[in-house]
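One structure is given here, and the rest of the page talks about it.
Chains as they are written, first to last, in this note's numbering: chain A, 1 to 292; chain B, 1001 to 1122.
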């Protein structure tokens, strides 16, 4: 579209700044040498700065509702009373699953430090033994496996949804605190970051195309949420009471681009979730936000 | 041997033919434009209205990803350039998120023609 149109529609200085910052915030298909020299924290701060330039009237605190929206109106919708009612039901189901005794008398709490309190905010984690990123759902399944219990299918939203939501609720009020502490972990972070910025599918756009370059703009009837803050409010509560896991949302986004989504629990989606969570570090989580 | 009859009937016949062709073309264009309108709004095809408003007045519509498409003819007097941008805007704007409707075969060439015809009426 001609530049004259662009100037009417966009805040040009902010847009130019974001485009100029694109290599910094990872809008290249793969990390360049300069990018790989940037630490994950430097990258996170550069990304926040780029988003603040694009959304000058907001701060990361405004972005907390994540995909539930960033405007006051949308926040009000996300925090309405329906949320509380439905959330309580879902969390009660999750609590039952969490407290269920295994055949050996133990329960999920036995697998986590502090009986699982203030732990979920540290997921995803890099596991040096398996050299994989472990999401909170995988950690729950590892616990089941360790005690000879059946694992839960990652696509079984009726079970993994409430259980995951309850696990998160044990960290209510806590700030997201995902660590990328070793070079091996860094490799997974970089892979997730590269995937976040990789254009894909017939539509040929990346996660970053919308959630970085066009954050705050409107697609259809929906405001596009900034990438920073999105990870705080997962899993989401959908209208009708179904819980939607973050990787399911990743898959839906990939389908929207026309790409074949990676499977739930695949290294690709785990690495993406690792990166996606890390960029929201330092912000407090929200339990069972309502998805619009 | 001389040509029999006057040129009058021949000219009249040509006139009818010209008007007929013009009417046919205008009808075909209108039909194509109607198809283009469907494509413009179809989420599985153009889905153009998800990103573009036309004469937006509401604040949310003004914040759509793409440009407002009203008076598009004044901005794209050259129809071929409009078509080229729909076919692949990324060829001249690398950072665009607008899908390459032609290059990536989201729409057929005929559908792109129909879409161009419709967009030109905005």
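No residue lacks a Cβ here, since even glycine has one placed at the ideal position from N, Cα and C. Note that the coordinates shown come from a computational prediction; the quantities given were computed from them, not determined experimentally.
query	result
Length of the line joining the Cα atoms of residue 58 of chain A and residue 218 of chain A	16 angstroms
Whole-Å CB distance - residue 1045 of chain B paired with residue 1053 of chain B, under 8 angstroms assumed	Contact doesn't hold; Cβ gap of about 18 angstroms is too wide.
Exposure label - residue 1110 of chain B; buried when at least 16 CB within 10 Å	exposed
Cross-chain neighbours of residue 984 of chain B in chain A, by beta carbon under 8 angstroms	Residue numbering for chain B in the displayed model covers 1001 to 1122; residue 984 of chain B lies beyond these limits and cannot be assessed.
For residue 205 of chain A, the residue or residues it bridges with in DSSP	A:200
Candidates A:270, A:158 and A:181: closest to residue 246 of chain A by CA position	A:270
Where residue 125 of chain A falls: helix, strand or coil (DSSP)	strand
Cβ-Cβ separation, residue 109 of chain A to residue 123 of chain A (assumed contact under 8 angstroms), whole Å	At roughly 16 angstroms, the Cβ-Cβ gap does not stay under 8 angstroms, so residue 123 of chain A and residue 109 of chain A are not in contact.
Contact list for residue 207 of chain A against chain B, beta-carbon separation under 9 angstroms	Ordered by position in chain B, no residue passes the 9 angstroms Cβ test against residue 207 of chain A, which lies about 11 angstroms from the chain.
Runs of alpha helix (DSSP H) lying entirely within the segment 234-281 of chain A, each at least 4 residues, in chain order	246-257 and 267-278
8 angstroms Cβ cutoff met for residue 116 of chain A and residue 170 of chain A	yes
Range covered by the beta strand (DSSP E) that runs through residue 1081 of chain B	That residue, residue 1081 of chain B, is in no beta strand (DSSP E); its alpha helix (DSSP H) goes 1079-1088.
Beta-carbon proximity list for residue 72 of chain A, same chain, < 7 angstroms, skipping 5 on both sides	Only weak support exists for where residue 72 of chain A lies, its pLDDT of 45 falling under 50; the value from the coordinates is given anyway. Excluding sequence neighbours, residue 72 of chain A sits near nothing in its chain.
One or two residues paired with residue 223 of chain A in a DSSP bridge	A:218
Burial state of residue 91 of chain A (16 or more Cβ within 10 Å)	buried
Partner residues on chain A for residue 1064 of chain B, Cβ-Cβ distance less than 7 angstroms	217 and 218
CA-to-CA distance, residue 1072 of chain B to residue 266 of chain A, given in whole angstroms	45 angstroms
Contact list for residue 1038 of chain B against chain A, beta-carbon separation under 8 angstroms	Per Cβ cutoff of 8 angstroms: no residues; residue 1038 of chain B is ~17 angstroms from chain A at best.
Check whether residue 231 of chain A and residue 176 of chain A have beta carbons under 8 angstroms apart	yes
C-alpha gap between residue 1092 of chain B and residue 1098 of chain B, whole angstroms	12 angstroms
Alpha-carbon to alpha-carbon, residue 1056 of chain B and residue 125 of chain A	45 angstroms
Spatial neighbours of residue 188 of chain A in its chain, beta-carbon cut-off 7 angstroms, leaving aside the 5 residues before and after	126, 133, 271 and 274
Cross-strand partners of residue 284 of chain A (DSSP beta bridge)	A:175
Where residue 100 of chain A sits in the DSSP three-state scheme	coil
Per-residue burial, residue 135 of chain A [other beta carbons within 10 Å of its own, 16 or more giving buried]	buried
Sub-8 angstroms separation of residue 113 of chain A and residue 119 of chain A beta-carbons	yes
Opposing strand residues paired with residue 1064 of chain B [DSSP bridges]	A:218
Close-in-space but distant-in-sequence residues of the same chain around residue 97 of chain A (CB under 6 angstroms, 5 per side omitted)	163
Spatial distance of residue 1043 of chain B from residue 220 of chain A (CA atoms)	10 angstroms
Contact with chain B by residue 203 of chain A, beta-carbon distance below 8 angstroms	yes
CB-CB length for residue 286 of chain A against residue 233 of chain A, believed under 8 angstroms	4 angstroms
Cβ neighbour criterion (16 or more within 10 Å) applied to residue 235 of chain A	buried
Cβ-based burial, residue 78 of chain A [other Cβ within 10 Å; buried from 16]	With a pLDDT of 46 at residue 78 of chain A, under the threshold of 50, the modelled position of that residue is not reliable, and the figure given next carries that caveat. With 16 or more other Cβ atoms within 10 Å, it is buried.
Alpha carbon of residue 149 of chain A to alpha carbon of residue 1100 of chain B, nearest angstrom	49 angstroms
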